[in-house]
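Numbering (UniProt numbering), first residue to last: 1 to 188.
What follows is a set of notes on a single structure, which appears directly below.
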């Protein structure tokens, strides 16, 4: 029996309010990290839950926590945020990976190339969204990371990112422009 059929039989939602498929863990519970916050709340509470609008950032004046707590209505000297959902985690992860590619040596040593391949494999294995991590592991298996030059690595990573964009119904990025986006900046 497929997971989707099983979910329908258990009356668990298959799709969230975002239109994305709900990802469940091995115990049948919605994965907090693999789903958007609204989809997760819908799957756990059965309805859309209103998320309070965060207060403006509570910057700590003069780096003093005492002064910050005095000036805020909250007992906390910082803005309370929800744990990252799949969208926030994905955006920040891609930013990190593309920035690593931009800082990768133009002509890396064999050791640096091996370290990058090791890093990518570990990153995919420990990624907080297990569903996304498995997808990245599968991509790496089918498309060995190209790490012989910075440009090869940047384009390989762009193609990996585009494979996810296609699955999410997002537009593909032109990989020949990766350096403008992540390293050198755009010509103005």
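Glycine included, C-beta positions come from ideal geometry on N, C-alpha and C.
Please read all numbers here as calculations on a predicted model, not as lab measurements.
CB-CB under 6 Å to residue i, same chain, minus the five flanking residues each way: which ones, in chain order?
| i | result |
| --- | --- |
| residue 1 | With a pLDDT of 39 at residue 1, under the threshold of 50, the predicted position of this residue should be treated as unreliable, though the coordinate-derived value follows. Once the five neighbours on either side are set aside, residue 1 has no close Cβ partner at all. |
| residue 150 | 104, 106 |
| residue 180 | 186 |
| residue 71 | Note that residue 71 scores a pLDDT of 45, beneath 50, so its modelled location is shaky; the value from the coordinates is reported in the next line. Counting only Cβ-Cβ distances below 6 Å, and skipping sequence neighbours, we find nothing. |
| residue 13 | 22, 43 |
Return helix, strand or coil for residue i, following the three-state DSSP convention.
| i | result |
| --- | --- |
| residue 127 | coil |
| residue 114 | helix |
| residue 93 | helix |
| residue 21 | strand |
Excluding the five sequence neighbours on either side, which residues of its own chain have a C-beta within less than 7 Å of the C-beta of residue i, listed in chain order?
| i | result |
| --- | --- |
| residue 178 | 154, 155, 158 |
| residue 176 | none |
| residue 38 | 16, 17, 18, 48 |
Could you check which residue in the options has the C-alpha nearest to that of residue i?
| i | options | result |
| --- | --- | --- |
| residue 170 | 91, 16, 101, 102 | 91 |
| residue 125 | 34, 143, 136 | 136 |
| residue 96 | 120, 82, 75 | 120 |
Taking the alpha helix (DSSP H) that residue i belongs to, which residues open and close that run?
| i | result |
| --- | --- |
| residue 182 | Element bounds for residue 182: n/a, residue is neither H nor E. |
| residue 148 | Careful: residue 148 lies outside any alpha helix (DSSP H) and carries neither H nor E. |
| residue 41 | 37 to 45 |
When you measure from the CB of residue i to every non-hydrogen atom of the ligand GTP, does any distance come out below 7 Å?
| i | result |
| --- | --- |
| residue 175 | Questions concerning the ligand GTP fall outside what the structure shown contains, since it holds no ligand whatsoever. |
Looking only at its own chain, which residues have a Cβ that is under 8 Å from the Cβ of residue i, when we skip the five neighbours before and after it?
| i | result |
| --- | --- |
| residue 162 | 172, 173, 175 |
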